[in-house]
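Numbering (the working numbering), first residue to last: 7 to 494.
Quick reminder that beta carbons are idealized off the backbone N, C-alpha and C, glycines included.
So this is what it looks like as C-alpha cells:
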C-alpha cells in the first residue's frame with residue numbers, strides 16, 4: 007500500500023469515526039430530551055398531531071388494593087398506583103369488594119402532580135359493638151395521636167376515666183385530680199369541669215372548672231401522673247378568660263386576662279410580661295407565635311397582627327375602621343411559604359409572603375379573595391398548611407392552597423350547639439350532627455354516613471385506621487362504641 011493510499015484510508019476512518027461519534031452524541035441528546043419531556047409530562051396527541059404537556063395522577067386508598075377507573079377506562083394496576091394524564095378534568099372511581107365506591111373529579115394542570123392519596127373506602131355495612139356502658143356521660147375527649155380518650159361520667163366530679171385505645175381490648179384507668187389543687191366552693195352551687203383540649207404530646211389535658219355559679223379556674227391534668235396536675239389560676243394568681251397550649255410538651259401556655267395576653271411556663275413557674283394588649287381574640291401558631299385581633303383603640307381603629315416573646319413589640323399586619331364587622335386572622339405555612347388569612351365582614355383575603363418585623367415592613371401579596379358568611383365562628387389554617395378553613399354555624403368554606411380553589415359545604419342537619427370543625431386526618435372531616443357520624447372530605451365530596459353517635463362527644467380512629475371510636479346513646483344511658491372500617 008502506497009503512502010497516499012494509507013493516508014486516504016486514515017482519512018476515511020476519521021470521517022467514519024466522526025460520523026459515528028456525532029450520531030451517538032445526537033442520539034444521546036435526543037433520547038435525554040425525550041426522557042426529559044416524558045418526565046415533565048409531555049406526550050404526543052394523536053388527535054391533532056401535537057406534543058402537549060400533561061400531568062400525573064397518584065392514587066392511594068385506605069385500605070389499599072382498590073380498582074381504579076380513570077375516565078371510564080380501568081387501570082391495569084390497583085392502589086397504590088399512578089397514571090400520566092392530559093391537562094384537563096378527569097373522572098376517577100376507586101372500588102374494592104364489600105366497600106362503597108369512591109368518586110372524584112380531578113382537575114390536572116400541565117406539569118402538575120395531583121395526589122388522590124387520601125381516599126377512605128367505607129364498608130357497605132359498618133359493624134359496630136358497644137365496649138362499655140355508662141349511666142351518665144358528660145364529656146369525651148380523644149387525643150390527637152389516637153391513643154387515648156378521656157371520659158367524664160359526672161360533670162362535677164374530679165375523677166374521670168382514661169380509655170387506652172392502643173389495643174383491641176380497650177383498657178380503662180381512673181384519673182383523679184388532687185383535692186388540694188381545687189379551690190373550695192363558697193356556695194352550694196354545683197361545680198362543673200369541662201374537657202377542653204389535649205397538649206401537643208398528648209400527656210396533658212386542659213380542663214375548665216366552674217364553681218360558685220360563675221367563678222372559673224383552669225386545670226392541667228397529667229395523664230401519666232395525676233398527682234402532678236396543676237391549677238393554673240391559683241398557681242399564677244390570674245383570672246384567665248382563655249387558655250391555649252403553647253409548645254408540644256404541654257408545659258407552656260398562653261393566657262388572656264382581661265384583654266392582655268401573656269405566656270405561662272409551668273416548669274419555671276413564670277408569667278411573662280404582657281405580650282399584646284387590647285386583645286379581642288387570639289390563637290397560637292407554631293407553639294410560640296400569638297396571632298391576634300384587637301378591640302377598638304383610642305383612634306377608633308382595630309388591628310390584626312402577631313407577636314412572639316422575643317419581639318420588642320407586636321407587629322400589625324392590617325388596620326381597619328370602626329365598621330362593626332367581624333374580624334379574624336390565622337397563620338399557616340405550606341412548603342416553607344408563610345400564608346395569612348383574614349376575615350373582615352364577608353370578605354376572606356388569603357395572602358402569602360414575608361411578615362413585618364421591627365423595621366422590616368415585610369411583603370404580603372393577595373393570592374385569593376373569597377366571600378364568606380357574616381357569622382364566621384372560627385378561621386384557621388390546618389396543621390398541614392394546605393387548607394384555609396372559615397367555619398360558620400351551618401357551613402364551612404375551605405380554600406385549597408395547592409389546587410388554588412375554594413369549596414363551600416353546607417350542612418342540612420342542624421346542630422345542638424356551636425362546635426369547631428373536627429378533622430379525622432389531614433383531608434377528611436367528621437360531623438356528628440343529628441346523632442349520626444358522617445365522614446366528608448375537605449371539598450365536601452364523598453360524604454358517608456358511618457354509624458350512630460351522640461352529638462357533642464369526640465370521635466377518633468385507631469392508629470391502624472381499622473376502627474372508629476365514638477359515644478352512642480343506649481337504653482342504659484351511653485356507651486363507648488367501636489365501628490370496623492377495615493374488613494379482615
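List the DSSP bridge partners of residue i.
i: residue 166; result: 181
i: residue 313; result: 296
i: residue 88; result: 64
i: residue 216; result: 198 and 222
i: residue 479; result: 484
i: residue 431; result: The partner list for residue 431 (beta bridge, DSSP) is empty, contrary to what the question assumes.
i: residue 338; result: 345
i: residue 83; result: Residue 83 pairs with nothing; no bridge assigned.
i: residue 447; result: 434
i: residue 304; result: DSSP output for residue 304 lists no bridge partner at all.
i: residue 318; result: None, per the DSSP bridge assignment.
For the beta strand (DSSP E) holding residue i, just list the boundary residues, first then last.
i: residue 65; result: 61-68
i: residue 358; result: 353-360
i: residue 416; result: 411-416
i: residue 288; result: 285-291
i: residue 173; result: Careful: residue 173 lies outside any beta strand (DSSP E) and carries neither H nor E.
i: residue 496; result: Summary: the structure shown does not reach residue 496, with the chain confined to residues 7 through 494, and so no result is reported for it.
i: residue 327; result: 321-327
i: residue 159; result: Careful: residue 159 lies outside any beta strand (DSSP E) and carries neither H nor E.
i: residue 96; result: 95-101
i: residue 75; result: 73-76
i: residue 576; result: Since the first residue shown for the chain is 7 and the last is 494, residue 576 is missing from the structure and cannot be characterised.
i: residue 122; result: 119-126
Which residues bound the alpha helix (DSSP H) around residue i?
i: residue 238; result: 238-242
Would you report the Cα separation of residue i and residue j, rounded to the nearest angstrom?
i: residue 50; j: residue 91; result: Caution is warranted here: a pLDDT of 48 is assigned to residue 50, below 50, making its placement in the model unreliable, and no coordinate value can be reported.
i: residue 77; j: residue 433; result: 23 Å
i: residue 215; j: residue 262; result: 16 Å
i: residue 320; j: residue 301; result: 15 Å
i: residue 250; j: residue 73; result: 44 Å
i: residue 315; j: residue 200; result: 29 Å
i: residue 118; j: residue 485; result: 47 Å
i: residue 477; j: residue 139; result: 10 Å
i: residue 236; j: residue 388; result: 29 Å
i: residue 229; j: residue 402; result: 34 Å
i: residue 126; j: residue 108; result: 8 Å
i: residue 124; j: residue 282; result: 40 Å
i: residue 304; j: residue 284; result: 10 Å
i: residue 24; j: residue 61; result: 40 Å
i: residue 421; j: residue 318; result: 44 Å
i: residue 398; j: residue 233; result: 40 Å
i: residue 482; j: residue 136; result: 12 Å
i: residue 112; j: residue 338; result: 25 Å
i: residue 131; j: residue 70; result: 18 Å
i: residue 243; j: residue 409; result: 48 Å
May I ask you to report which of helix, strand or coil DSSP gives residue i?
i: residue 262; result: strand
i: residue 186; result: helix
i: residue 19; result: helix
i: residue 526; result: Here the chain covers residues 7 to 494 and nothing more, so residue 526 does not appear.
i: residue 378; result: coil
i: residue 232; result: helix
i: residue 26; result: helix
i: residue 50; result: Note that residue 50 has pLDDT 48, beneath the 50 cutoff, so the model's placement of it is unreliable and the number below is only indicative. The answer is strand: DSSP assigns residue 50 an E or B state.
i: residue 474; result: strand
i: residue 407; result: coil
i: residue 144; result: coil
i: residue 37; result: helix
i: residue 462; result: coil
i: residue 501; result: The requested residue 501 is not part of the displayed model; the chain covers only 7 to 494.
i: residue 203; result: strand
i: residue 440; result: helix
i: residue 111; result: strand
i: residue 421; result: coil
i: residue 31; result: helix
i: residue 452; result: coil
i: residue 279; result: coil
i: residue 208; result: coil
i: residue 398; result: strand
i: residue 271; result: strand
i: residue 138; result: strand
Pop quiz: residue i and residue j are said to be a contact at Cβ under 8 Å. What is the actual Cβ separation, rounded to whole angstroms?
i: residue 175; j: residue 157; result: Residue 175 to residue 157, Cβ: 16 Å. No contact.
i: residue 218; j: residue 195; result: 6 Å
i: residue 463; j: residue 437; result: Going by Cβ atoms, the distance from residue 463 to residue 437 rounds to 13 Å, so no, they are not a contact pair.
i: residue 343; j: residue 357; result: Contact flag wrong, Cβ pair sits at about 11 Å.
i: residue 348; j: residue 324; result: 6 Å
i: residue 104; j: residue 129; result: 6 Å
i: residue 294; j: residue 252; result: 6 Å
The ligand ADP and residue i: does any heavy atom of the ligand fall closer than 7 Å to the residue's C-beta?
i: residue 174; result: Because no ligand of any kind appears in the structure shown, any question about the ligand ADP cannot be addressed here.
Compare the C-beta of residue i with all C-beta atoms of chain D and state if any pair is closer than 8 Å.
i: residue 94; result: The structure shown has no chain D; it contains just one protein chain.
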